[in-house]
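Here the structure comes first, spelled out in C-alpha cells, and everything after it is commentary.
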Amino acid sequence: MNLDNAIKIYKDFLKSKSLLYTQPREIVLKEAFSATWHFSADELTSQMHKQGMNISRATVYRTLASMKKAGILNSVDFGHGHIHYEAPKTKKQHEHITCEKCGEVYEIQVENLENTINSAAEKAKFKHIKYAIRISGICEKCKF
Ligand SMILES: [Zn+2]
Ligand SMILES: [Zn+2]
Ligand SMILES: [Zn+2]
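The following block contains the structure:
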C-alpha cells in the first residue's frame, strides 16, 4: 500500500463516518507513513514536536487509532503496555520478537506462517482471518 492509496482509503473511511479529512489528520498520516520502524503514539508525537510541528498528543492518538480502524495501519503489541504501529507499505510479511530484558524489538520472517494459519482457519470454515502472535526471548546483547 502506498501513501496515495492509504489517503484514498482513509478519506473514504472518514466520509463513511461523516468525518472530515482535516489537515492535522493528513499531517499525522504522512508522518506515520514515513516512519520506517514501529512507533508508539507517544514516540510519533515527540518526533513531530522535535521537527517543530504543532500538534497535540490527543490528535495523534485519535488519528492513529482511526487509521488502524480504516485498515491502513497495523498495530503490534510488544508487551510494553502500549500499542505500537507500523505502516504496511510494501514491507514483507514479518513477525516481531521482543527481548524480555531490554525490550528491543527485532523483525523475523517465519516461513509459511500466514499460509499455515490461513489454511487451518479455512478448514474450520473461517473467512477474513487475522492473527497476532507474540514471540519473545533474550536478545544477543543481553545473553552474556
Ligand atoms: Zn514501546
Ligand atoms: Zn535484549
Ligand atoms: Zn515490523
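So for the sequence shown, the numbering used here puts the first residue at 5; every next one is plus one.
Every residue gets a Cβ at the ideal spot worked out from N, C-alpha and C, and that includes glycine.
- Between the beta-carbon of H42 and that of Y89 there is about 7 Å, and that keeps the pair under the 8 Å contact cut.
- Secondary structure remark: continuous alpha helix (DSSP H) runs of at least 4 residues inside the stretch 60-86, in chain order: 61-74.
- Buried is the label assigned to R29, since at least 16 other Cβ atoms lie within 10 Å of its Cβ.
- For the pair M71 and Y14, the CB atoms are nearer than the 9 Å cut-off.
- With a beta-carbon spacing of about 6 Å, G107 and H84 fall inside the 8 Å limit used to define contacts.
- The straight-line gap separating the alpha-carbon atoms of I137 and A124 is approximately 15 Å.
- When distances are taken from the beta-carbon of I101 to the heavy atoms of ligand 2, even the shortest one reaches 8 Å or more.
- Of the residues E144, F37 and E115, the one whose Cα lies closest to the Cα of A91 is F37.
- Beta bridge pairing from DSSP links S123 with no other residue.
- In the three-state DSSP reduction, T26 falls in the coil class, being neither helix nor strand.
- Short note on I139: C-beta not closer than 8 Å to any heavy atom of ligand 2.
- In this structure, the CA atom of I76 is about 8 Å from the CA atom of M5.
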